[in-house]
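One structure is given below, encoded as structure tokens.
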Amino acid sequence: MFLHCIKFHNLMKIILFLIIISITVALCFLAAFFWAVRDGQFDDEYTPSVRILLDDDMIDHNKNNS
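Everything in the sequence shown is counted per this note's numbering, starting at 34 for the first residue and increasing by one.
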């Protein structure tokens, strides 16, 4: 019975360690996301709306004629 308690205690330490590590990693990713938003990395509002209208073949054809 005593060995079972020791194994359970070690298992709980490992689970607690993994939870702490996963929360730390999640907070790092959240901080990186907020940093990217604050720096304006996602501020391009014009290009996505126009990209669907432009055809790749049309762009290459216009470059060859110039």
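Glycine is no exception: its CB is placed at the ideal position from the N, C-alpha and C atoms.
Keep in mind it's a predicted model, so treat the numbers as computed, not measured.
C-alpha gap between residue i and residue j, whole angstroms
| i | j | result |
| --- | --- | --- |
| L86 | F75 | 21 Å |
| A69 | V58 | 17 Å |
| V83 | A64 | 31 Å |
| L49 | L60 | 17 Å |
| L51 | N43 | 12 Å |
| K40 | I53 | 20 Å |
| D72 | F66 | 10 Å |
Neighbourhood of residue i by C-beta distance below 6 Å, restricted to the same chain and skipping five residues each side
| i | result |
| --- | --- |
| T80 | none |
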